[in-house]
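Engineer:
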Amino acid sequence: MPDRTFLAWPFFEPPHRALADALDAWARREVRHHDAHAIAETDRATIDLVRRLGAGGWLKYAVPSPYGGNAPKLDVRSLCLIRETLARHDG
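Note that the numbering used here gives residue 168 to position 37 of the sequence shown, counting from 1, and the numbers run on in steps of one.
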């Protein structure tokens, strides 16, 4: 498992740590590696991943609550944790 000590940094709050843990568990099950050099495969994999992110409820972090999101305003820390977690699982 990669080093996750950064989650102890003072600007991450308990909800951020819970988000990182939950997404990490989800990504272990749902993120599939693909050949980044095969454009058609990459397109299919991206569409599939976005659909699974939506079904898993993760896209709610990408929009504010007036548009169906998780919080009144976007939380950049959550977005960064999501991006880094997905990148780590996709290689």
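Glycine included, each C-beta is placed from N, C-alpha and C at the ideal position.
1. Considering only residues of the same chain and omitting the five flanking positions on each side of R183, which have a CB-CB separation below 7 Å?
2. Report the rounded CA-to-CA distance for R148 versus R175, giving the unit in angstroms.
3. Among L205, W189, A186, whose alpha-carbon lies nearest the alpha-carbon of P195?
4. Does the beta-carbon of L154 have 16 or more other beta-carbons within 10 angstroms, so that it is buried, or is it exposed?
5. R208 and F142: beta carbons closer than 8 Å?
Structural biologist: On the basis of the supplied data:
1. By 1-based counting over the sequence shown, the position of residue 183 is 52. Counting only Cβ-Cβ distances below 7 Å, and skipping sequence neighbours, we find E161.
2. The residue given as residue 148 occupies position 17 in the sequence shown. The residue given as residue 175 occupies position 44 in the sequence shown. Distance between the alpha carbons of R148 and R175: 31 Å.
3. The count along the sequence shown starts at 1 and reaches residue 195 at position 64. Distances from the alpha-carbon of P195 to those of L205, W189, A186 put L205 closest.
4. Mapped onto the sequence shown, residue 154 falls at position 23. Counting the other CB atoms within 10 Å of its CB gives L154 a total of 16 or more, which places it among the buried residues.
5. Along the sequence shown, one-based indexing puts residue 208 at 77. Along the sequence shown, one-based indexing puts residue 142 at 11. Yes, the Cβ-Cβ distance between R208 and F142 is below 8 Å.
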